[in-house]
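Presented below is the structure to which this report refers.
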Amino acid sequence: MPDAAQVLDALRQVRDPELHRDIVSLEMVRDLQVDGGKVAFTVVLTTPACPLRETIDGDVRTALAAVPGIDEIDIDWDSNVRASFREGGPAPIEGVKNLIAVASNKGGVGKSTVSVNLAVALAALGARVGILDADITGPNIPTMLGIPPGALASGQQGLHTIDAHGVRAASIGFVLPPGTPVVWRGPMIGSGVRQLMRDIDWGELDYLIVDLPPGTSDASMSLCQDALVAGVVIVSTPQRVSLEDATKAVSMFDRMGVPIFGMVENMSSEVFGTGTVAETADELGVEFLGEIPLDIAVRKGGDEGVPVVVGAPESPQAQSFIRLAEQVAARCSVLQYAGEARVA
Ligand SMILES: Nc1ncnc2c1ncn2[C@@H]1O[C@H](COP(=O)(O)OP(=O)(O)O)[C@@H](O)[C@H]1O
Ligand SMILES: [Mg+2]
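Quick note on our numbering: the sequence shown kicks off at 247 and runs consecutively.
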């Protein structure tokens, strides 16, 4: 009959394919029980959105096949998202393990669409997720999540989060009567973002997605200076003008010492092109995180307040966002274990 030490030795042969260390030393194996030929344990992944669960499952079973006497393997899956940390960096937001910014230098490329679908996809995969609308002058998150603009405008409680589609959202649009423009100057925008981040009770979150306005603006600067950003996702459409702007965004975040998780190609299509964002990512030495097709279901989901990931989870469009969410979560885990930020 096998004993626990033999089982652990076998499991030490299994490496996490992205963290490049064995799952025992990573403390991913918990509650091991060996009862005759029956082996049971829990594998604790670094994120519920882990894209490698099936690979790890297969590798674990292969490794245990080498141990004589095992006739039953019972694996429980769990996850525990680590909090990001950077020596000498700004303080994290209270209760928030990882702040993930979504940015580009250009408007209309799909930052808000990507933010919303990324957030609901991470939540659907089992993470605790928030979304912060940092586009103070053009807050679109309420509409995209189906929250009536001005939902909190007449309340006495001021701005607080509203839950929608499994994510906790906050937007200046909640407290503005519909149609009211925000005509603040730069410094006020910066402090507005700061207040949204710090003064709101976010509860406990694994990931807080921050939808940034276009440009190397006050909002982006404030965010990076005032809060610990785990990493940034750069959105670009395939056209050259968008790539030029996205390239500037990469260098701005790089200069600010913010890790870049990678680039997403949004609106891939015959009209706009396809593959150019992956090429640019390669040239810049950053990861390519995936592509989202230009598709009517994505646009309708935004207009109707039901993100495509929620409205049609099995559709190819939703699946492309789910794969993106897995890649983003994986990059986040990898950077934490690398110990220090790998910037472009
Ligand atoms: N992949 C896509 N397919 C179709 N429409 C999209 C796609 N991505 C974004 N859109 C639409 O394009 C418009 C601009 O997107 P938005 O997310 O608001 O961009 P940004 O936040 O960068 O300004 C919205 O109407 C949105 O629904
Ligand atoms: Mg936007």
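From the three backbone atoms N, C-alpha and C, an ideal C-beta is built for every residue, glycine too.
Among residues of its own chain, excluding the 5 on either side of residue i, which ones have a beta-carbon nearer than 6 Å to its beta-carbon?
{"i": "Y459", "result": "Looking at the sequence shown, residue 459 is not Tyr but Pro. These residues qualify, in order along the chain: D381 and A465."}
{"i": "D322", "result": "T288"}
{"i": "V589", "result": "Note that V589 has pLDDT 37, beneath the 50 cutoff, so the model's placement of it is unreliable and the number below is only indicative. Answer for V589: D500 and P505, listed in chain order."}
{"i": "A250", "result": "L278 and V280"}
{"i": "A524", "result": "F534"}
{"i": "G519", "result": "P484"}
{"i": "G521", "result": "none"}
{"i": "Y583", "result": "L265"}
Return no unless some Cβ of chain D is closer than 9 Å to the Cβ of residue i.
{"i": "A347", "result": "The question asks about chain D, but that chain is absent: this structure has only one protein chain."}
Excluding the 5 residues preceding and the 5 following residue i in the sequence, name in chain order all residues of the same chain whose CB lies nearer than 7 Å to its CB.
{"i": "V355", "result": "V481, S482, T483, S488 and N512"}
{"i": "R577", "result": "G477, F507, G508 and E533"}
{"i": "P263", "result": "L298 and T301"}
{"i": "V558", "result": "According to the sequence as given, residue 558 is Ala; it is not Val. Closer than 7 Å at the Cβ level, and outside the excluded window around A558, lie A543 and A564."}
{"i": "V290", "result": "M274, R276, D324, S325 and N326"}
State yes or no: is the C-beta of residue i nearer than 8 Å to some heavy atom of ligand 1?
{"i": "T520", "result": "no"}
{"i": "D379", "result": "no"}
{"i": "S350", "result": "yes"}
{"i": "V360", "result": "yes"}
{"i": "M443", "result": "no"}
{"i": "D541", "result": "yes"}
{"i": "M513", "result": "yes"}
{"i": "G536", "result": "no"}
{"i": "V481", "result": "yes"}
{"i": "D549", "result": "yes"}
{"i": "D457", "result": "yes"}
{"i": "P484", "result": "no"}
{"i": "P395", "result": "no"}
{"i": "P385", "result": "no"}
{"i": "R569", "result": "no"}
{"i": "V544", "result": "yes"}
Any heavy atom of ligand 2 closer than 8 Å to the Cβ of residue i?
{"i": "K357", "result": "yes"}
{"i": "D491", "result": "no"}
{"i": "P388", "result": "no"}
{"i": "D268", "result": "no"}
{"i": "D464", "result": "no"}
{"i": "P427", "result": "no"}
{"i": "G432", "result": "no"}
{"i": "G353", "result": "yes"}
{"i": "G404", "result": "no"}
Hey, residue i and residue j are a contact pair by Cβ (cut 8 Å); roughly how many whole angstroms apart?
{"i": "S515", "j": "L535", "result": "In fact, because the Cβ distance is near 18 Å, the residues do not count as touching under 8 Å."}
{"i": "P553", "j": "V366", "result": "5 Å"}
{"i": "S417", "j": "D379", "result": "3 Å"}
{"i": "L422", "j": "A399", "result": "6 Å"}
{"i": "L265", "j": "L272", "result": "6 Å"}
Starting from the C-beta of residue i, find all residues in its chain whose C-beta is less than 8 Å away, skip the five residues before and the five after it, and write them out in chain order.
{"i": "P248", "result": "V280, G283, V285, V313, P314, G315 and I316"}
{"i": "R569", "result": "P297 and G536"}
{"i": "E586", "result": "Its pLDDT being 40, under 50, E586 is placed unreliably by the model, and the measurement read from it follows with that caveat. For E586, where only same-chain residues beyond five positions count, the Cβ hits under 8 Å are R332 and E333."}
{"i": "Q402", "result": "none"}
{"i": "L310", "result": "V253, A256, L257, V285, I316 and I319"}
Find the nearest neighbour of residue i within the set the options, judged by alpha-carbon distance.
{"i": "G425", "options": "L254, P394 and Y453", "result": "P394"}
{"i": "D472", "options": "M498, W448 and M443", "result": "M443"}
{"i": "T526", "options": "I387, L257, A492 and D549", "result": "A492"}
{"i": "L298", "options": "I269, P336, L422 and D320", "result": "I269"}
{"i": "N363", "options": "E550, A584, W448 and V544", "result": "V544"}
{"i": "P336", "options": "S417, L469, L310 and V360", "result": "L469"}
{"i": "G548", "options": "N386, A584, G419 and T308", "result": "N386"}
{"i": "V389", "options": "K546, Y583 and V555", "result": "The sequence shown places Thr at residue 389, not Val. Comparing Cα positions, the closest option is K546."}
{"i": "T383", "options": "G432, L391, A370 and G376", "result": "G432"}
{"i": "G392", "options": "H411, R258 and L345", "result": "H411"}
{"i": "I319", "options": "A370, R307, S497 and V574", "result": "R307"}
{"i": "N326", "options": "K343, V475, P338 and I339", "result": "K343"}
{"i": "V517", "options": "R486, A349 and F420", "result": "R486"}
{"i": "R261", "options": "I446, G304, G461 and T293", "result": "G304"}
{"i": "A349", "options": "G341, E340 and T359", "result": "T359"}
{"i": "G449", "options": "F420, V413, D457 and M434", "result": "V413"}
{"i": "E560", "options": "V429, A370 and V375", "result": "A370"}
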